[in-house]
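Asks: Heads up: the protein sequence lines correspond to chains V and A, in order. Count the first sequence with my numbering and you get residues 488 to 900, in order. Count the second sequence with my numbering and you get residues 488 to 900, in order. We put the beta carbon where it would ideally sit given N, CA and C, even for glycine.
Protein chains: 2
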Amino acid sequence: MSAEIICVGTELLLGDIVNTNVQFLAKELANLGIPHYYQTVVGDNPTRLKEVINIASNRASILLFTGGLGPTPDDLTTETIAQCFNCPLVEKAEIIEDIQRKFAARGRQMNENNRKQALIPEGATILPNPTGTAPGIIWEPAPNLTIMTFPGVPSEMKRMWAETAIAHLKSQGWGKEVIFSRMLRFRGIGESALATKVNRFFDLTNPTVAPYASLGEVRLRISTKTASESQANSIIEPIAQEIIKIAGADYFGKDDDTLSEVVGTLLREKQQTVAVAESCTGGGLGTMFTDIAGSSDYFWGGVIAYDNRVKMSLLGVGSEALKAHGAVSDIVAQQMALGVKQRLNTSWGISITGIAGPGGGTEIKPVGLVYIGIADPDGQVDSIECTFGDRDRPIIRYLSSCTALDQLRRKLI
Amino acid sequence: MSAEIICVGTELLLGDIVNTNVQFLAKELANLGIPHYYQTVVGDNPTRLKEVINIASNRASILLFTGGLGPTPDDLTTETIAQCFNCPLVEKAEIIEDIQRKFAARGRQMNENNRKQALIPEGATILPNPTGTAPGIIWEPAPNLTIMTFPGVPSEMKRMWAETAIAHLKSQGWGKEVIFSRMLRFRGIGESALATKVNRFFDLTNPTVAPYASLGEVRLRISTKTASESQANSIIEPIAQEIIKIAGADYFGKDDDTLSEVVGTLLREKQQTVAVAESCTGGGLGTMFTDIAGSSDYFWGGVIAYDNRVKMSLLGVGSEALKAHGAVSDIVAQQMALGVKQRLNTSWGISITGIAGPGGGTEIKPVGLVYIGIADPDGQVDSIECTFGDRDRPIIRYLSSCTALDQLRRKLI
Numbered sequence: 488m489s490a491e492i493i494c495v496g497t498e499l500l501l502g503d504i505v506n507t508n509v510q511f512l513a514k515e516l517a518n519l520g521i522p523h524y525y526q527t528v529v530g531d532n533p534t535r536l537k538e539v540i541n542i543a544s545n546r547a548s549i550l551l552f553t554g555g556l557g558p559t560p561d562d563l564t565t566e567t568i569a570q571c572f573n574c575p576l577v578e579k580a581e582i583i584e585d586i587q588r589k590f591a592a593r594g595r596q597m598n599e600n601n602r603k604q605a606l607i608p609e610g611a612t613i614l615p616n617p618t619g620t621a622p623g624i625i626w627e628p629a630p631n632l633t634i635m636t637f638p639g640v641p642s643e644m645k646r647m648w649a650e651t652a653i654a655h656l657k658s659q660g661w662g663k664e665v666i667f668s669r670m671l672r673f674r675g676i677g678e679s680a681l682a683t684k685v686n687r688f689f690d691l692t693n694p695t696v697a698p699y700a701s702l703g704e705v706r707l708r709i710s711t712k713t714a715s716e717s718q719a720n721s722i723i724e725p726i727a728q729e730i731i732k733i734a735g736a737d738y739f740g741k742d743d744d745t746l747s748e749v750v751g752t753l754l755r756e757k758q759q760t761v762a763v764a765e766s767c768t769g770g771g772l773g774t775m776f777t778d779i780a781g782s783s784d785y786f787w788g789g790v791i792a793y794d795n796r797v798k799m800s801l802l803g804v805g806s807e808a809l810k811a812h813g814a815v816s817d818i819v820a821q822q823m824a825l826g827v828k829q830r831l832n833t834s835w836g837i838s839i840t841g842i843a844g845p846g847g848g849t850e851i852k853p854v855g856l857v858y859i860g861i862a863d864p865d866g867q868v869d870s871i872e873c874t875f876g877d878r879d880r881p882i883i884r885y886l887s888s889c890t891a892l893d894q895l896r897r898k899l900i
Numbered sequence: 488m489s490a491e492i493i494c495v496g497t498e499l500l501l502g503d504i505v506n507t508n509v510q511f512l513a514k515e516l517a518n519l520g521i522p523h524y525y526q527t528v529v530g531d532n533p534t535r536l537k538e539v540i541n542i543a544s545n546r547a548s549i550l551l552f553t554g555g556l557g558p559t560p561d562d563l564t565t566e567t568i569a570q571c572f573n574c575p576l577v578e579k580a581e582i583i584e585d586i587q588r589k590f591a592a593r594g595r596q597m598n599e600n601n602r603k604q605a606l607i608p609e610g611a612t613i614l615p616n617p618t619g620t621a622p623g624i625i626w627e628p629a630p631n632l633t634i635m636t637f638p639g640v641p642s643e644m645k646r647m648w649a650e651t652a653i654a655h656l657k658s659q660g661w662g663k664e665v666i667f668s669r670m671l672r673f674r675g676i677g678e679s680a681l682a683t684k685v686n687r688f689f690d691l692t693n694p695t696v697a698p699y700a701s702l703g704e705v706r707l708r709i710s711t712k713t714a715s716e717s718q719a720n721s722i723i724e725p726i727a728q729e730i731i732k733i734a735g736a737d738y739f740g741k742d743d744d745t746l747s748e749v750v751g752t753l754l755r756e757k758q759q760t761v762a763v764a765e766s767c768t769g770g771g772l773g774t775m776f777t778d779i780a781g782s783s784d785y786f787w788g789g790v791i792a793y794d795n796r797v798k799m800s801l802l803g804v805g806s807e808a809l810k811a812h813g814a815v816s817d818i819v820a821q822q823m824a825l826g827v828k829q830r831l832n833t834s835w836g837i838s839i840t841g842i843a844g845p846g847g848g849t850e851i852k853p854v855g856l857v858y859i860g861i862a863d864p865d866g867q868v869d870s871i872e873c874t875f876g877d878r879d880r881p882i883i884r885y886l887s888s889c890t891a892l893d894q895l896r897r898k899l900i
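Next up, the structure:
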């Protein structure tokens, strides 16, 4: 017993839109504990759609369709499904009335094209669409096979899912056991290095532990399937604690925690404030701090010192340091951090200076070389050298800001 | 002859991430004129992946895989593909060396886990990954069947596609007649208002003209399918020029032009410089300016004045203005713009002060109220009031920075 999601739409094959529908449905299926092994996208082509339906109905027991329910001739999902099961279509008077009412409410008349949206397979029930003109269906064309169709418009699909589909699936017995998971998030350690440290947890079967890597961050997901959240917590929590202990300072948060949120919480707890001095990131670190609503409690501002004249005039960086060591150096990073802390009168000052590329690199100072300076509440200044390698400019800038936040986090814990 | 995209990753089935890779590849296939009828997502499960490969290799001649190339035990794409075609894996010394070099460049040691990333099917060639440790393969395991694999990390996949995959597909004869299109980009006008102005172009068949709307921006895509770019240009250019003339100052650029690029080009032409003073955007406007490599020619820096004390100390905003009008006001925006221009000694000063929400709004000054100030080279100061409405914080911040850039653009043209 598993579900399969089938998204119908040539616009998906042309890459005109991102398929957010499939992500939404995937998450919802996971929440209901419905296993789901395949997602298929196919264009508005009845022959190929039929092939997809035949394959899917042999390997899944719930087929969820999105797209192809509109009024235009290329919207063929409903009739193609019916054909696959040799079932005639019947016109539903209540759908026609509903469409007419919706048109009337917008001061318009129903178009003849819309009449086709009232045709559904004989024996199917209507999956009502409260906002749009395209209803879906709930249909069991064969034993152990449930078909549900949704329009491609995300807002309509989501509301139909929430208001009708979930209840139907629960009536089939789903949703009694649900997948709960916790994501543990790590910085400053690579995927394989972390995997080596926590290797033994990957063999667990309940909960399961699986690694994910994304830019500058590694995550471990701990999952279990249970009837209640408290039961899930009692299974997940001990494993989470063991892993967090092993990871030490590299663990920074869980689930939707962001670095700037975690750092913000630490600063608020200590009633400390911070200011930034940014060169190559040009405001990216300040943006991350202020992503968080309420960050004015601890983030006061900073200086974007892109040009060396600004480093000198607003941050007090010495012209000798710039001449002797260059703007991308430990000493300038330190002077920037201390300068912004002193001028803005905050507990902490953090600076970033580096070569984001693609130009500007030399053999001694290549693209990706970045210095991060931190001035602490006692006025002590520290800096680290990062080598992010010859990567794309936005990536180097993003990693620079993240690393600066992470350095501050490590000093705060 | 058609392509099929197969994305491997349990995180996609769980809905943890949006599948932007498939959209990118779909667009690229369309650009090369390669037909593409199916997209499949499957988890990190060798049995099911095999089934998917069997189905796909019977209906497509180019299979593009993303995901499952990492160093952990659940990354199984390469070995599963090899098994489908009964082909042994061989270890490539050059991959090991490349991985070791990348680890060394980041001051780390290669992990034993990474060794599996050097295993590729006998007879396959390496699809180099310039930035990450997971190379892909280009392989023809059977006549008329090309397999290419890419890691799931979007930035790595995209670079491998651009640097290697496209050339390989062109060498197979693809990309002779391709869809050429020009995207015209507009700011400060709504989709329906623009559509009304250029209505008559929507009936054209060659080129076709279609509207797209995104946050704060409207685009018109002019497309034609031809053998050469010059031929495409001769079809597209006259229509583009007509539309640009009709749109006037609301047209800001084409294709991948960004607002900050367009503004940067204008500043460079005039040999003028700019500095920013940001409150609610916290560095977002500076980040946009410095997204552009070489922006140091005209962007000198700025002040992130999140706290009012910073507005006063670093920008010279008067305490009377703050008391009488509040930080979110025309007069404070103007003082910030003039202050940063004078202190950084640039041609232009731009400021942003507003209420990004979700908290902090009042009846008189609701969430979404933003003032943008501009001080021009003559020292004249101007400001505008924007009401972005009760939208999400990141959206209000993004629209604020875009509008500030657009205001400067309108002053520069």
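Between the segment 496-515 of chain A and chain V, which residues of the former have CB atoms less than 8 Å from a CB of the latter, in chain order?
Replies: THR497, GLU498, LEU499, LEU500, LEU501, GLY502, ASP503, ILE504, VAL505, ASN506, THR507, VAL509, GLN510, PHE511, LEU512, ALA513, LYS514, GLU515
Asks: Among all the DSSP beta bridges, which residues are the ones paired with ILE839 of chain V?
Replies: V:GLU765, V:ILE859
Asks: What does GLU765 of chain A touch in chain V if you count any residue whose Cβ is under 8 Å from its own?
Replies: GLY770, GLY773
Asks: Quick one: measure Cβ to Cβ for VAL827 of chain V and VAL763 of chain V, integer angstroms, because I've assumed they're closer than 8 Å.
Replies: Correct: roughly 7 Å between the Cβ atoms.
Asks: What whole-angstrom Cβ distance do ILE666 of chain A and ALA517 of chain A have, given they're in contact under 8 Å?
Replies: 6 Å
Asks: Please tell me whether VAL529 of chain V has its Cβ less than 8 Å away from any Cβ of chain A.
Replies: Yes, because at least one Cβ of chain A sits closer than 8 Å to the Cβ of VAL529 of chain V.
Asks: Specify the secondary structure class of ILE549 of chain A as computed by DSSP and reduced to three states.
Replies: strand
Asks: Taking the C-alpha atoms as reference points, what is the distance between ARG708 of chain V and LEU671 of chain V?
Replies: 6 Å
Asks: Whether or not the segment 624-636 of chain V and the segment 584-597 of chain V are in contact is what I'm after, with contact meaning three or more pairs of Cβ atoms, one per stretch, closer than 8 Å; do they touch?
Replies: no
Asks: Leaving out five residues on either side along the sequence, give the residues of the same chain with a beta carbon under 7 Å from the beta carbon of PRO845 of chain A.
Replies: VAL854, ARG880
Asks: Taking the C-alpha atoms as reference points, what is the distance between GLY619 of chain V and SER544 of chain V?
Replies: 28 Å
Asks: Looking at the secondary structure, which residues open and close the alpha helix (DSSP H) in which MET488 of chain V lies?
Replies: For MET488 of chain V, there is no enclosing alpha helix (DSSP H), as DSSP marks it with neither H nor E.
Asks: With a threshold of 7 Å (Cβ to nearest heavy atom), would THR890 of chain V be considered close to the ligand SAH?
Replies: Questions concerning the ligand SAH fall outside what the structure shown contains, since it holds no ligand whatsoever.
Asks: Once DSSP output is grouped into helix, strand and coil, what is the label at MET597 of chain A?
Replies: coil
Asks: Under 8 Å, CB to CB, which of the residues in the segment 778-796 of chain A have a partner in chain V?
Replies: Residues ASP778, ALA780, GLY781, SER782, SER783, PHE786, TRP787, GLY788, GLY789, VAL790, ILE791, ALA792, TYR793, ASP794, ARG796.
Asks: Can you find a C-beta in chain A that's less than 8 Å from the C-beta of GLU678 of chain V?
Replies: yes
Asks: Leaving out the 5 sequence neighbours to the left and right, which residues in its chain are closer than 8 Å to LEU746 of chain A when beta-carbon positions are compared?
Replies: ARG674, PHE739, GLY740, MET775, CYS889, LEU892, ASP893, ARG896
Asks: Output, in sequence order along the chain, the residues in the segment 607-630 of chain A whose CB is closer than 9 Å to any CB in chain V.
Replies: PRO617, THR618, THR620
Asks: Strictly below 7 Å CB to CB, what residues from chain V border PHE776 of chain A?
Replies: GLY769
Asks: Does DSSP put TRP661 of chain V in a helix, a strand or coil?
Replies: When secondary structure is reduced to three states using DSSP, TRP661 of chain V falls in the coil class, being assigned neither helix nor strand.
Asks: Where does GLY692 of chain V land, buried or exposed, given buried means 16+ other C-beta within 10 angstroms?
Replies: Checking the displayed sequence, the identity of residue 692 of chain V turns out to be Thr instead of Gly. By the 10 Å Cβ count, THR692 of chain V comes out exposed.
Asks: Leaving out the 5 sequence neighbours to the left and right, which residues in its chain are closer than 7 Å to ILE676 of chain A when beta-carbon positions are compared?
Replies: VAL705, ASP737
Asks: Taking the alpha carbon of GLU599 of chain V as the reference point, which residue from V:GLY610, V:PRO608, V:LEU614, V:ILE583 has its own alpha carbon closest?
Replies: V:ILE583
Asks: So for PHE572 of chain A, helix, strand or coil by DSSP?
Replies: In the structure shown, PHE572 of chain A sits in coil (DSSP, three-state: anything other than H, G, I, E or B).
Asks: Consider the Cβ of LEU551 of chain A: report whether some Cβ of chain V lies at a distance smaller than 8 Å.
Replies: no
Asks: How about LEU576 of chain V and PRO608 of chain V: are their beta carbons less than 8 Å apart?
Replies: yes
Asks: Identify the residues that DSSP records as bridge partners of LYS741 of chain A: which are they?
Replies: Among the bridge pairs identified by DSSP, LYS741 of chain A is matched with A:LEU671.
Asks: Show which residues of chain V have a CB atom less than 7 Å away from the CB atom of HIS523 of chain A.
Replies: Residues of chain V with a Cβ closer than 7 Å to the Cβ of HIS523 of chain A are, in chain order, LEU500.
Asks: Out of A:ARG796, A:THR612, A:GLU664, state which residue places its alpha-carbon closest to the alpha-carbon of LYS579 of chain A.
Replies: A:THR612
Asks: Taking 8 Å as the CB-CB limit, is SER816 of chain A close to chain V?
Replies: no
Asks: Applying the criterion that 16 or more other CB atoms from any shown protein chain within 10 Å of the CB defines a buried residue, is ILE851 of chain V buried or exposed?
Replies: exposed
Asks: With DSSP as the reference, please indicate the residues paired to ALA792 of chain A in a beta bridge.
Replies: V:GLY788
Asks: Which same chain residues, not among the five before or five after PRO522 of chain V, have their C-beta less than 6 Å away from its C-beta?
Replies: SER489
Asks: Could you list which residues in chain A have their beta carbon closer than 8 Å to that of LEU801 of chain V, in chain order?
Replies: LEU801 of chain V reaches chain A at GLY788, VAL790, LEU801, ARG830, LEU831, counting residues in chain order whose Cβ is nearer than 8 Å.
Asks: Please report whether the beta-carbon of PRO918 of chain A lies at a distance below 8 Å from any beta-carbon of chain V.
Replies: Here chain A covers residues 488 to 900 and nothing more, so residue 918 of chain A does not appear.
Asks: Comparing alpha-carbon positions, which option in V:SER679, V:GLU515, V:LEU500 lies nearest PHE511 of chain A?
Replies: PHE511 of chain A has its Cα closest to that of V:LEU500, out of V:SER679, V:GLU515, V:LEU500.
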